[in-house]
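S.K.: Numbering (my numbering), first residue to last: 535 to 797.
The beta-carbon is built from N, C-alpha and C at its ideal position, and this holds for glycine as well.
Please read through the structure below; I'll follow up with questions.
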């Protein structure tokens with residue numbers, strides 16, 4: 535399988551679909567918002583975008599199943615490949631008119647991510663990677679930041695929005711990192727946070743209560759850009775394990791702070 539060719543095809547699909555998302559933003563009404571759960575929002579834009587992506591991805595790799603946020607299509611047990619699709623990562627930003635949201639698509643072979651594309655829609659930046667092929671922004675190679683310490687780092691994170699049981703532990707992590715870094719940013723899109731970590735805009739990103747479609751593409755892009763990704767324990771359960779750390783050389787100091795407070 536030519537992973538580079540597949541990734542490039544997916545990138546073209548996301549660029550085309552991003553035009554629909556951006557055009558729909560100018561006409562979007564909050565009256566169309568639906569709730570999947572507490573603070574878990576969805577709109578017709580998410581659903582229509584996913585339909586378009588699934589249709590296009592089926593043409594690229596017909597034998598693959600789907601793990602898609604809005605459930606447009608699914609994976610069967612006999613399918614060794616699966617697309618992991620987030621049609622609009624940063625839906626809450628989108629609905630409130632904040633210009634940070636992205637399309638995120640990963641290809642998984644058995645349990646391994648082998649291709650990833652994150653299309654940041656407003657800046658029209660397309661981040662891509664395939665297993666063993668490096669990471670790219672609009673076709674140009676990217677690398678993680680060369681910083682090796684928290685004191686030289688700008689970090690990204692997300693805040694809990696439906697499961698607040700571990701809020702105090704999380705706030706303790708934030709408090710210590712505020713004092714040991716250049717600062718913390720909350721963009722509202724894990725896919726964007728990971729893409730920005732891959733190209734060195736952030737030195738690291740961490741969050742919990744994540745879904746596989748939030749992170750599958752971005753984690754591969756970080757790894758192919760020379761970064762390190764793990765769950766909070768330092769293991770590899772970060773796609774389906776709901777928590778992750780992704781960073782450059784500052785990874786080890788960042789992980790140490792998180793593990794100090796996280797129980």
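1. Counting C-beta neighbours from all protein chains within 10 Å, is the total for residue 761 16 or more, i.e. buried, or is it exposed?
2. In this structure, what does DSSP give as the bridge partners for residue 704?
3. Label residue 536 either buried or exposed according to how many other C-beta atoms from any shown protein chain fall within 10 Å of its C-beta, with 16 as the threshold for buried.
4. When DSSP builds the beta bridges, which residues end up paired with residue 539?
5. State the DSSP-derived secondary structure class of residue 721, mapped to helix, strand or coil.
6. Would residue 780 and residue 728 qualify as a contact pair, given that the criterion is a beta-carbon distance under 8 Å?
7. Residue 712: buried (16+ other C-beta within 10 angstroms of its C-beta) or exposed?
8. Any chance the segment 765-779 sits against the segment 728-744, with 3 or more Cβ pairs inside 8 Å?
9. Measure the C-alpha to C-alpha separation of residue 689 and residue 716 and round it to an integer number of angstroms.
10. Helix, strand or coil for residue 792, going by three-state DSSP, please let me know.
11. Between residue 667 and the ligand SAM, is there a pair consisting of the residue's CB and a ligand heavy atom that are separated by less than 7 Å?
12. Which residue comes first and which comes last in the alpha helix (DSSP H) that contains residue 588?
13. Is the beta carbon of residue 647 closer than 8 Å to that of residue 640?
14. Let me know if residue 754 comes out buried or exposed under the rule of 16 or more other beta-carbons within 10 Å of its beta-carbon.
15. For residue 703, which residues from the same chain have a beta carbon less than 7 Å from its beta carbon, with the 5 sequence-adjacent residues on both sides left out?
16. Could you check what DSSP says for residue 685 in three-state terms: helix, strand or coil?
17. Would you decide whether residue 573 is buried or exposed? Buried here means 16 or more other CB atoms lie within 10 Å of its CB.
18. Can you tell me which of 661, 578 and 543 puts its alpha carbon nearest to the alpha carbon of residue 606?
19. Threshold first: 4 residues or longer. Then list the alpha helix (DSSP H) segments lying entirely within the segment 603-665, N to C.
M.R.: Here's the rundown:
1. The residue is buried, with at least 16 neighbouring Cβ atoms inside 10 Å.
2. In the DSSP output, where bridge partners are listed per residue, residue 704 has none listed.
3. When all chains shown are included, residue 536 counts as exposed.
4. BP columns for residue 539 are empty, so no partner.
5. Three-state result, residue 721: coil.
6. Yes; because the gap between Cβ atoms is below 8 Å, this pair is in contact.
7. Exposed, because fewer than 16 other Cβ atoms sit within 10 Å of the Cβ of residue 712.
8. In the pairwise beta carbon analysis, the segment 765-779 is classified as touching the segment 728-744: at least three pairs are separated by under 8 Å.
9. Those two C-alpha atoms are separated by around 8 Å.
10. In the structure shown, residue 792 sits in a helix (DSSP, three-state: H, G or I).
11. The ligand SAM is absent from the structure shown, which contains no ligands of any kind.
12. Unbroken alpha helix (DSSP H) run through residue 588: 578-594.
13. Yes, the Cβ-Cβ distance between residue 640 and residue 647 is below 8 Å.
14. The C-beta of residue 754 has 16 or more other C-beta atoms within 10 Å across all chains shown, which makes the residue buried.
15. Correct list, in chain order: 795, 796 and 797.
16. Note: residue 685 maps to helix in three-state DSSP.
17. Any reading at residue 573 is ruled out, since the residue's pLDDT is 43, under 50, leaving its predicted position unreliable.
18. Residue 578 holds the alpha-carbon nearest to the alpha-carbon of residue 606 among 661, 578 and 543.
19. The qualifying runs are 625-629.
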